[in-house]
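Below: the structure, in structure tokens.
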Amino acid sequence: MLLVLIFELLRRRQLREKYAVLWMAVGLLTLPFGLVPDSLNATASHLGVASGASLVLFLAVVFLLLVCIHLCWEASRLEDETRALAEEVALIRTELRDLRAQTPDGVRGAGVRQAHAQPATAEGTASSSKPRSGAEVIAPRRGDATGLGVVDSSSVEGGAHR
Amino acid sequence: VNVDKKVLIIIPAWNEAESVGDVIAEVRGELPTVDILVVDDGSTDDTTNVALSFGAQVTRLPYNLGVGGAMRLGYRYAYENDYDVAIQVDADGQHDPRYVPKLIDGLSEASLVIGARFAGEGDYDVRGPRRWAMKLLSVVLSRMAKTQLTDTTSGFRACDRDVIGLFAQWYPVEYLGDTVETVVRAIRLGHKVVQVPVAMRPRAGGTPSASPVKAMIYLGRALITLLLAINRK
């Protein structure tokens, strides 16, 4: 059961290989003991444990504890990484806003900068006005065809959803 | 104030749209030449727009990281933009910008200057476990710094280029870590830390946590933070 699950997760690329290998190994190792429960009794009595089952239980608890600690460590590391990324994104966005704020000044100011600045602003106005002009085109056309204001508002609604 | 130094005021703000504008305006009125950076710590309100409309530089985190996260971002910004002095001011109006020049003056003899309550000026007072925690922290850290530090949890502080560099790459996110641990680390790395007495005002927004349970938790966290900070490499 466990083996199938892990294989499926791995197949869907949702599990990193290192974890897959770990759990596959665990599955394979415990499989024989599941099939023959009494096989560990001798080893258990050697170690001073009452039965093989409780030995397996004990080892499982220790193992799971270690896995938990590892996952905590991993989560902390990931948090650190996402934090660094968040900071990076914030800095980049701030820089971007500064650059945008500078561009109009460049247009009004030096002629050399104009060549650089103009395409950027032209692009900006074109892309920002595109959806608006599109809506204007659609609305009158529908209005002409049906002559009803109701259809107009529904087309606007559709646009808003998009 | 020293004019030849590039000074940045860092204001960490999380949902402080109500008070952040006043703080910016006040800092501007007091110190017209300094740059102001508001670090919006993933606010869900209008903090960013308010700060921008008041003429501050704003950098916005995509989600809430806590004061420590916001501050590291602030120091990174200061570091990358070559500021000589960075000063941390709370967005809730508790810190009086009139003391900023005093903090900057303190940098002539130290790398990190803490604006401290309980140091003679102002009448800010706390009681109970919270007070014990602060007392303990101040005793331990004073001994480490070999100078009197009465208010180690103060978020009103100024630091020079060296410490900006340190904080830009390392600044704990945990609560209390952001104040206490940074002081410990700065001391251990050989930076000189001093304090300057300041008066704090009641917060413009929000209420200070005063329940005894919270105060006890605060004491516990202070202890843990202190022990960790001292034992960390």
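Chains as they are written, first to last, in my numbering: chain A, 355 to 516; chain B, 49 to 281. Virtual Cβ for every residue (Gly too), placed ideally from N, Cα, C.
For this session: Starting from the N-terminal side, write out each stretch of the alpha helix (DSSP H) that is 4 residues or longer and does not extend beyond the region 210-246 of chain B.
Result: Under the rule that a run must span 4 or more residues, the alpha helix (DSSP H) segments found entirely inside the region 210-246 of chain B read 230-236.
Problem set entry | Partners in chain A for residue 107 of chain B, counting only beta-carbon separations shorter than 8 Å | Here residue 107 of chain B is taken as the residue at index 59 of the second sequence, counted from 1. What residue 107 of chain B touches in chain A: 444, 445, 447, 448.
For this session: Pull up the distance between the alpha-carbon of residue 445 of chain A and that of residue 121 of chain B, whole angstroms please.
Result: On the first sequence, position 91 is the one that residue 445 of chain A refers to. On the second sequence, position 73 is the one that residue 121 of chain B refers to. For residue 445 of chain A and residue 121 of chain B, the distance between alpha carbons rounds to 8 Å.
Exercise. Is the beta carbon of residue 77 of chain B sitting closer than 8 Å to the one on residue 249 of chain B?
Worked result: For the purposes of this step, residue 77 of chain B is taken as residue 29 along the second sequence, with counting starting at 1. For the purposes of this step, residue 249 of chain B is taken as residue 201 along the second sequence, with counting starting at 1. In this structure, residue 249 of chain B does not lie closer than 8 Å to residue 77 of chain B by Cβ.
For this session: Enumerate, from N- to C-terminal direction, the unbroken alpha helix (DSSP H) stretches of 4 or more residues contained entirely within the region 393-424 of chain A.
Result: If we require 4 residues or more, the alpha helix (DSSP H) runs fully inside the region 393-424 of chain A come out as 395-401.
For this session: In angstroms with no decimal places, state the Cα-to-Cα distance between residue 221 of chain B and residue 419 of chain A.
Result: Reading the second sequence from its first residue, position 173 is the one you call residue 221 of chain B. Reading the first sequence from its first residue, position 65 is the one you call residue 419 of chain A. C-alpha separation (whole angstroms): 26 Å.
For this session: With DSSP as the reference, label residue 68 of chain B as helix, strand or coil.
Result: Working through the second sequence from its first residue, we reach residue 68 of chain B at position 20. Note: residue 68 of chain B maps to helix in three-state DSSP.
Problem set entry | Proximal chain B residues relative to residue 440 of chain A, where beta-carbon distance stays under 7 Å | As a working mapping, residue 440 of chain A is identified with position 86 in the first sequence. Going along chain B in sequence order, the residues near residue 440 of chain A (Cβ under 7 Å) are 109, 110, 111, 113.
Exercise. Are the C-beta of residue 454 of chain A and some C-beta of chain B separated by less than 8 Å?
Worked result: The residue labelled residue 454 of chain A in the question sits at position 100 within the first sequence. Against chain B, the CB of residue 454 of chain A has no partner CB under 8 Å away; the residue lies outside that interface.
Exercise. For residue 380 of chain A, which residues from the same chain have a beta carbon less than 6 Å from its beta carbon, with the 5 sequence-adjacent residues on both sides left out?
Worked result: Here residue 380 of chain A refers to the residue found at position 26 when the first sequence is read from its first residue. The same chain holds no residue with a CB closer than 6 Å to that of residue 380 of chain A once the five nearest residues on each side in sequence are set aside.
Exercise. If you run the structure through DSSP and keep just helix, strand and coil, what is residue 370 of chain A?
Worked result: Position 16 of the first sequence, counted from the first residue, corresponds to residue 370 of chain A. In the structure shown, residue 370 of chain A sits in coil (DSSP, three-state: anything other than H, G, I, E or B).
For this session: Over the uninterrupted alpha helix (DSSP H) stretch that includes residue 188 of chain B, give me the two end residues.
Result: Working through the second sequence from its first residue, we reach residue 188 of chain B at position 140. Membership of residue 188 of chain B in the alpha helix (DSSP H) is indicated by the continuous run 177-193.
Problem set entry | beta strand (DSSP E) runs wholly inside the region 100-128 of chain B, at least 3 long, in chain order | Entirely contained in the region 100-128 of chain B, the beta strand (DSSP E) runs reaching 3 residues are, in chain order, 105-108.
Problem set entry | residue 240 of chain B and residue 159 of chain B closer than 8 Å at C-beta | If you number the second sequence from 1, residue 240 of chain B lands on position 192. If you number the second sequence from 1, residue 159 of chain B lands on position 111. It is a contact, given that the beta carbons lie within the stated cut-off.
For this session: With 8 Å as the threshold, decide whether the Cβ of residue 437 of chain A is near any Cβ in chain B.
Result: As a first step, residue 437 of chain A must be located in the first sequence, where it is residue number 83. With 8 Å as the cut-off, residue 437 of chain A counts as an interface residue toward chain B.
Exercise. According to the Cβ coordinates, are residue 178 of chain B and residue 223 of chain B closer than 8 Å?
Worked result: To locate residue 178 of chain B, count along the second sequence from 1; it is residue 130. To locate residue 223 of chain B, count along the second sequence from 1; it is residue 175. The Cβ atoms of residue 178 of chain B and residue 223 of chain B do not sit closer than 8 Å to each other.
For this session: Consult DSSP for residue 149 of chain B and reduce its assignment to one of helix, strand or coil.
Result: Counted from its first residue, the second sequence places residue 149 of chain B at position 101. Reduced to three states, the DSSP call for residue 149 of chain B is helix.
For this session: Determine the chain A residues that contact residue 120 of chain B at a beta-carbon separation under 7 Å, and present them in chain order.
Result: The residue given as residue 120 of chain B occupies position 72 in the second sequence. Under the 7 Å cutoff, chain A gives 441.
Problem set entry | Below-8 Å beta-carbon distance, residue 98 of chain B vs any chain A residue | Taking the first residue of the second sequence as 1, we reach residue 98 of chain B at position 50. No, because no Cβ of chain A sits closer than 8 Å to the Cβ of residue 98 of chain B.
Problem set entry | CA-to-CA distance, residue 454 of chain A to residue 461 of chain A, given in whole angstroms | Here the question's residue 461 of chain A lines up with position 107 in the first sequence. Here the question's residue 454 of chain A lines up with position 100 in the first sequence. Reliability fails at residue 461 of chain A, whose pLDDT of 48 lies under 50, so the model's placement of it is uncertain and the value that follows must be treated cautiously. Each residue's Cα considered, the two are about 12 Å apart.
Exercise. Can you name the start and end residues of the beta strand (DSSP E) that residue 136 of chain B belongs to?
Worked result: In the second sequence, residue 136 of chain B corresponds to position 88, counting from 1. Residues 133-136.
Exercise. Residue 342 of chain B: which of B/82, B/69, B/114 sits nearest, CA to CA?
Worked result: The structure shown does not extend to residue 342 of chain B, since chain B is modelled only from 49 to 281, so the question has no answer here.
Problem set entry | Selection from B/162, B/216, B/271, B/157 that minimises the alpha carbon distance to residue 125 of chain B | For the purposes of this step, residue 125 of chain B is taken as the residue at position 77 of the second sequence. Ranking the options by Cα distance to residue 125 of chain B, first place goes to B/216.
Exercise. What do you get for residue 191 of chain B, buried or exposed, if any count of 16 or more other CB atoms within 10 angstroms of its CB means buried?
Worked result: Position 143 of the second sequence, counted from the first residue, corresponds to residue 191 of chain B. Counting the other CB atoms within 10 Å of its CB gives residue 191 of chain B a total below 16, which places it among the exposed residues.
For this session: List the endpoints of the continuous beta strand (DSSP E) containing residue 206 of chain B.
Result: Numbered from its first residue, the second sequence carries residue 206 of chain B at position 158. That run of the beta strand (DSSP E) goes 205-208.
Problem set entry | Sufficient close CB pairs (3 or more, under 8 Å) joining the region 197-217 of chain B to the region 132-140 of chain B | The region 197-217 of chain B makes contact with the region 132-140 of chain B; the number of CB pairs closer than 8 Å reaches 3 or more.
For this session: Indicate the three-state DSSP secondary structure (helix, strand or coil) for residue 89 of chain B in the structure shown.
Result: On the second sequence, residue 89 of chain B is found 41 positions in, with the first residue counted as 1. Collapsing the DSSP output to three states places residue 89 of chain B in coil.
Problem set entry | Assumed close pair residue 98 of chain B, residue 60 of chain B - CB separation to whole angstroms, cut-off 8 Å | Numbered from 1 along the second sequence, position 50 holds the residue referred to as residue 98 of chain B. Numbered from 1 along the second sequence, position 12 holds the residue referred to as residue 60 of chain B. In fact, because the Cβ distance is near 15 Å, the residues do not count as touching under 8 Å.
Problem set entry | Distance between residue 165 of chain B and residue 201 of chain B (C-alpha atoms, nearest Å) | Sequence index remark: in the second sequence, residue 201 of chain B carries index 153 (1-based). Sequence index remark: in the second sequence, residue 165 of chain B carries index 117 (1-based). Their Cα atoms are separated by approximately 10 Å.
Exercise. What is the C-beta distance between residue 148 of chain B and residue 189 of chain B, in whole angstroms, given that I count them as a contact (C-beta under 8 Å)?
Worked result: Within the second sequence, residue 148 of chain B is the residue found at index 100, counting from 1. Within the second sequence, residue 189 of chain B is the residue found at index 141, counting from 1. At roughly 23 Å, the Cβ-Cβ gap does not stay under 8 Å, so residue 148 of chain B and residue 189 of chain B are not in contact.
For this session: Leaving aside the five residues before and after residue 254 of chain B along the sequence, list all residues of the same chain whose C-beta is less than 8 Å from its C-beta, in chain order.
Result: By 1-based counting over the second sequence, the position of residue 254 of chain B is 206. Low confidence applies here, because residue 254 of chain B scores a pLDDT of 47, under 50, leaving its location unreliable; read the following figure in that light. So the qualifying residues of the chain are 140.
For this session: With residue 55 of chain B as the anchor, note down where its beta strand (DSSP E) starts and where it stops.
Result: Here residue 55 of chain B corresponds to residue number 7 of the second sequence, with the count starting at 1. Per DSSP, residue 55 of chain B belongs to the beta strand (DSSP E) from 55-61.
Exercise. In chain order, what residues of the same chain lie with their CB nearer than 6 Å to the CB of residue 238 of chain B, ignoring the 5 residues before and after it?
Worked result: On the second sequence, residue 238 of chain B is found 190 positions in, with the first residue counted as 1. Its chain contains no residue whose beta carbon lies nearer than 6 Å to that of residue 238 of chain B once the 5 sequence neighbours on both sides are disregarded.
Exercise. Should residue 437 of chain A go down as buried or exposed, given a rule of 16 or more other Cβ atoms within 10 Å for buried?
Worked result: Within the first sequence, the letter at position 83 stands for residue 437 of chain A. Its Cβ being crowded by 16 or more others within 10 Å, residue 437 of chain A is buried.
Exercise. Given a threshold of 16 other Cβ atoms within 10 Å of its Cβ, counted over all protein chains shown, does residue 396 of chain A qualify as buried or as exposed?
Worked result: Counting from one through the first sequence, the residue named residue 396 of chain A turns up at place 42. Exposed: under 16 other Cβ atoms inside 10 Å.
Problem set entry | Local Cβ density within 10 Å of residue 456 of chain A, reported as buried at 16 or more and exposed below that | In the first sequence, the residue the question calls residue 456 of chain A occupies position 102. Within a 10 Å sphere around the beta-carbon of residue 456 of chain A sit fewer than 16 other beta-carbons, which makes this residue exposed.
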